[in-house]
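Structure first, then comments.
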Amino acid sequence: MLLAAEKGDITTIIGGIAPDWGPFGTLGNEARVMVEVVMAVAILLCLGIAIWGAAKQRIGATALRDTFSAEQGKGLIIAGLTGVFIIGSLGTLFTIVYGMAV
């Protein structure tokens, strides 16, 4: 009986599938810091949108008696919080997708 993976081990498999980052492979920590900064700015932007939506909903519903403004505020709150959730989950999603590919 001849096994196809007789001489290989998990490091051979993972080493063959590991991504080649090309010119970005030498960046290392600097690249990770840049990605973290971009994600932090995006999260702050999404939180700002959610806060703006909450203010728009509150002002539109009470002071202006404008139902359209209140509905826009709800949409902004949902969009902002959804953006925060998606950006916060990107690391987990990439890990799951990469793990499924391995």
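Just so we're aligned: 1003 in this note's numbering is position 17 of the sequence shown, and the numbers increase by one with no gaps anywhere. We put the beta carbon where it would ideally sit given N, CA and C, even for glycine.
Where residue i falls, given that 16 or more other Cβ within 10 Å makes a residue buried
i	result
leucine 1062	buried
isoleucine 1064	exposed
isoleucine 1094	Limits of the chain in this structure are 987 at one end and 1088 at the other, which puts residue 1094 out of reach.
Alpha-carbon to alpha-carbon, residue j and residue i
i	j	result
glutamine 1043	threonine 1078	32 Å
glycine 1059	isoleucine 1037	9 Å
threonine 1048	alanine 1041	11 Å
alanine 1087	isoleucine 1045	49 Å
isoleucine 1082	valine 1024	21 Å
leucine 1031	glycine 1085	30 Å
glycine 1074	methionine 1020	16 Å
valine 1055	alanine 1026	The amino acid occupying residue 1055 in the given sequence is serine; valine does not appear at that position. Each residue's alpha carbon lies about 29 Å from the other.
glutamate 1016	isoleucine 1029	20 Å
phenylalanine 1071	glutamate 1057	21 Å
phenylalanine 1080	glycine 1014	18 Å
Presumed contact (8 Å Cβ cut-off) between residue i and residue j, rounded CB distance
i	j	result
glycine 1069	glycine 1039	With 8 Å as the limit, glycine 1069 and glycine 1039 do not qualify as a contact, their Cβ atoms being about 11 Å apart.
Reduced DSSP category for residue i - H, G, I as helix; E, B as strand; rest coil
i	result
alanine 1065	helix
alanine 1049	coil
alanine 1004	The predicted model places alanine 1004 with a pLDDT of 48, which falls under 50 and marks its position as unreliable, so this point remains unresolved.
glycine 1077	helix
glycine 1014	coil
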